[in-house]
Amino acid sequence: MALYSFIFPMNLRTSPDYENSYPIAGRNSGQEDIMLFSEFAGYADQLEQISGRLDMIDLIARVLPTLDDAELPIFTRFVMGRIFPDWSPQKIGIGPNLLYDAMTGMIDATRNDIIDDINEAGDVGTAFEKILLTRKSESYSSRSAQTATIQKQLFEQTEQMTLTSVYRDLERIARAGGRSSQQQKLNIIRSLLSIATPREGKYLARLLLEDFRIGVGEGNAREAIAKAFSVDSSLVEHAHQALNDLGEVALLAKRGENALCDVHIRIFHPVKMMLAQQGTISGAIADNGEIAAEYKYDGSRFQFHKSGDQCRMYSRKLEDVTDALPDIIVMLDSATDHEVILDGEVIAIKDEKPLPFQTVLRRFRRKHGIDAISKEILLIPNIFDILYLDGDTLIDRPLFERRRLLERVVTGHVAPQIVSDDSGVIEKIYDEALALGHEGIMLKVPGSPYTPGIRGKNWIKIKPSVDTLDLAVIGADWGEGKRAHLFGSFLLACRDNGALVPLSKVATGFSDEQLADAYEILKDHVISRSGKEVKFEHFLVFEVGYSEIQKSPNYPSGFALRFPRFIRIRDDKAVDEVETLSGIRERYRQQSGE
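Using the working numbering, you'd call the opening residue of the sequence shown number 86 and step up by one each time.
Structural data, given as structure tokens:
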């Protein structure tokens, strides 16, 4: 039996007391057992107010079994602020400005009026909730009879949205294409907001920006699925690694542990890439004995899928980059006749030396003039792992076995690898890598499985001793003097249980060109302004260097970076790959010897 519901009086949608109503026991009492979007928004409200991780997991776990097979994957993704499976090429493609235009077209207001409300609230969703709540019977000013009609429809509409109907509309937004795509998206958003209650508007706005802000990350969602359906959490995690969609994993968990055990990687459904943590050669050999050493390339990770005569390539962020890299596709296609999923890294070469990482990204980003730039920038793929072969999922097999299969079925572009327990041999490989212009080396445990999306001790990166972190850019201050028209310093955050927690600001290390690039990337993603401060959508990652991590009361993380310095933009990485707060604590512990 469902545990929560909203009971709506007939006039609740126009009642000023709407926001005082809460879900109560007996979901959808007296109605078909269909989840209304208002119910979902109510659960989101509760989750946002919960500070304890276990309480959050418990609430989600009590809701999941009440959902039907259509609702379950949608709810699971929505509660994490995601709309589509992580492997899906579908993108919502909504920025703050389009969302502001949608609202200004529905109430008699300017974009600046909307931005003022957002600045006051500090969050687009909260601002939209307030606007919808307080503008029911009045507008910012009275412009026209047409506007008045729109407002009357907006605040007297009695139609109720369901979870699945909202998802279908979001799919329509993602499918909108052609010259009129922006107008199509605008019309759908306005249609949704026109029947939204204030609370629904709050979470619609956050979903559209895919910035949900209630603190539910993948870890909490996995634990909730396991608890909801009484299955082993390790099976949930493993299924998620293979399928890259917690919505589908929730459906499998509902069917039982046998369904979770029978999961396989699928061709053209990219999985997250396995990650490495920092370490030392001596430490890796002490922990594991024999270790596999490979060059650490300063390039862009890729995942190559081939089935028959069809080939696709995906970036580290799982974006389809096939059309941008036709030369690489030809090389990899000709290297094997098998159905495969390969993991590797593309580097740019000039005069037999690797070029900087940013050179490779120019190719990954390119949409036009591909033939010309492919002659200008020579790219070379280096393959170092195989995840799938002729229908068999290989991620659970040990590295040494995957390596043997890789060398058997791929005839070119396989990255060199040396296996040894002799630190002298590994040091020699490291020196050789640096002399060739590479970043360093990767050390891999020969008996380890491939764990998509996991950063652990089975892969260790060895680089020259400059401590760096990948952090999310969440805000900025305007510059001064000749840089007054650009963002001058940036607020950076780490991850903690699905939320981004401020850790430090960085203002040094930027060239004028790099500051200009950062401004161009971020300027259309500002969601609020207050004096010299701005806040951004959460999508961009900076790599920053630092001298040490310090405890600090100035940031919610409890830490700060001493002498932070910008290294580079990591637009090959997603925000959910940035450093975690637990990782920061561990670095502080190692640094301080605690």
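Ideal Cβ positions, reconstructed from N, Cα and C, are used throughout, including at glycine. Being a predicted model, the structure only gives us computed values, none of them experimental.
{"Query": "Measure the beta-carbon distance from Gly566 to Met165 and round it to whole angstroms, keeping in mind my assumption that it falls under 8 Å.", "Result": "Incorrect: roughly 42 Å between the Cβ atoms, too far for contact."}
{"Query": "Tyr128 to Ile135, Cα distance in whole Å?", "Result": "11 Å"}
{"Query": "Measure the Cβ-Cβ separation of Leu576 and Gly564 and say whether it is below 7 Å.", "Result": "no"}
{"Query": "In angstroms with no decimal places, state the Cα-to-Cα distance between Thr421 and Val348.", "Result": "25 Å"}
{"Query": "Between which two residues does the alpha helix (DSSP H) carrying Met188 extend?", "Result": "Pro181 to Thr189"}
{"Query": "So, with DSSP's three-state summary, where would you put Glu241?", "Result": "In this prediction, Glu241 has a pLDDT of 48, which is less than 50 and means its spatial position is unreliable; nothing more can be read from the coordinates."}
{"Query": "Check whether the Cβ atoms of Val499 and Ile468 sit closer than 7 Å, and answer yes or no.", "Result": "yes"}
{"Query": "Please work out which residues of its chain come closer than 7 Å, Cβ to Cβ, to Gln267, disregarding the five sequence neighbours upstream and downstream, and give them in chain order.", "Result": "Leu183"}
{"Query": "I believe Ala324 touches Thr161 by the beta-carbon criterion, under 8 Å. Please report the beta-carbon distance rounded to the nearest angstrom.", "Result": "Not quite, the Cβ-Cβ distance comes to about 13 Å (not below 8 Å), so this is no contact."}
{"Query": "Are the beta-carbon atoms of Ala520 and His623 separated by less than 7 Å?", "Result": "no"}
{"Query": "Please report the distance separating the alpha-carbon of Arg340 from that of Pro158.", "Result": "13 Å"}
{"Query": "Buried or exposed: where does Leu294 fall if 16 or more other Cβ atoms within 10 Å of its Cβ makes it buried?", "Result": "buried"}
{"Query": "Compute the Euclidean distance between the alpha carbons of Ala645 and Ser574, then round it to the nearest angstrom.", "Result": "15 Å"}
{"Query": "Could you give the distance in angstroms between the alpha-carbon of Asp186 and the alpha-carbon of Asp201?", "Result": "14 Å"}
{"Query": "Distance check for Val663 and Thr553, CA to CA, integer angstroms please.", "Result": "11 Å"}
{"Query": "Determine the DSSP secondary structure at Val660, reduced to helix, strand or coil.", "Result": "helix"}
{"Query": "Using three-state DSSP, classify Asp597 as helix, strand or coil.", "Result": "helix"}
{"Query": "Skipping 5 residues on each side, what residues in its chain have a beta carbon closer than 6 Å to that of Ile691?", "Result": "The structure shown has nothing for residue 691, since the chain only spans 86 to 679."}
{"Query": "Please determine if the segment 580-595 and the segment 282-302 are in contact, where contact requires at least 3 C-beta pairs separated by less than 8 Å.", "Result": "yes"}
{"Query": "Whole angstroms is fine: what's the gap from Ile503's alpha carbon to Arg670's?", "Result": "33 Å"}
{"Query": "Buried or exposed: Val415, going by 16 or more other Cβ atoms within 10 Å of its Cβ?", "Result": "exposed"}
{"Query": "Are at least three pairs of beta-carbons, each pair with one atom in the segment 393-406 and one in the segment 646-659, less than 8 Å apart?", "Result": "yes"}
{"Query": "Give a yes or no on whether the C-beta atoms belonging to Pro283 and Glu214 are separated by under 7 Å.", "Result": "yes"}
{"Query": "Smallest Cα separation from Lys460: which of Leu410, Leu474, Phe485 and Gly497?", "Result": "Leu410"}
{"Query": "Rounded to the nearest angstrom, what separates Pro638 and Ala578 at their Cα positions?", "Result": "15 Å"}
{"Query": "Determine the closest residue to Gln599 out of Val510, Ile652 and Ser632, with distance taken between C-alpha atoms.", "Result": "Ile652"}
{"Query": "Taking 7 Å as the limit between beta carbons, can you name the residues of its chain near Ser642, skipping five residues before and five after?", "Result": "Cys579, Val586, Pro587, Leu588, Leu666 and Ile669"}
{"Query": "What did DSSP end up calling Ile262 once you bin it into helix, strand or coil?", "Result": "Going by the sequence as given, residue 262 is Gly instead of Ile. Of the three classes helix, strand and coil, the one that applies to Gly262 here is coil, per DSSP."}
{"Query": "Apart from the five residues on each side of it in sequence, which residues of its chain come closer than 6 Å, Cβ to Cβ, to Ile434?", "Result": "Leu463 and Ile465"}
{"Query": "Determine the closest residue to His423 out of Lys548, Pro355 and Glu492, with distance taken between C-alpha atoms.", "Result": "Glu492"}
{"Query": "Alpha carbon to alpha carbon, how far is Ser279 from Gln238? Give it in angstroms, no decimals.", "Result": "Caution is warranted here: a pLDDT of 49 is assigned to Gln238, below 50, making its placement in the model unreliable, and the coordinate value is therefore given only provisionally. Each residue's Cα considered, the two are about 7 Å apart."}
{"Query": "What does the alpha-carbon distance come out to for the pair Glu133 and Ala378?", "Result": "45 Å"}
{"Query": "In chain order, what residues of the same chain lie with their CB nearer than 8 Å to the CB of Arg275, ignoring the 5 residues before and after it?", "Result": "Ala187, Gly190 and Met191"}
{"Query": "Quick check: the Cα distance between Thr247 and Arg253, rounded to an integer number of angstroms?", "Result": "10 Å"}
{"Query": "Do you know offhand how far Ser318's Cα is from Thr478's?", "Result": "21 Å"}
{"Query": "For a test of the three-state rule: what should DSSP assign to Ala377, helix, strand or coil?", "Result": "strand"}
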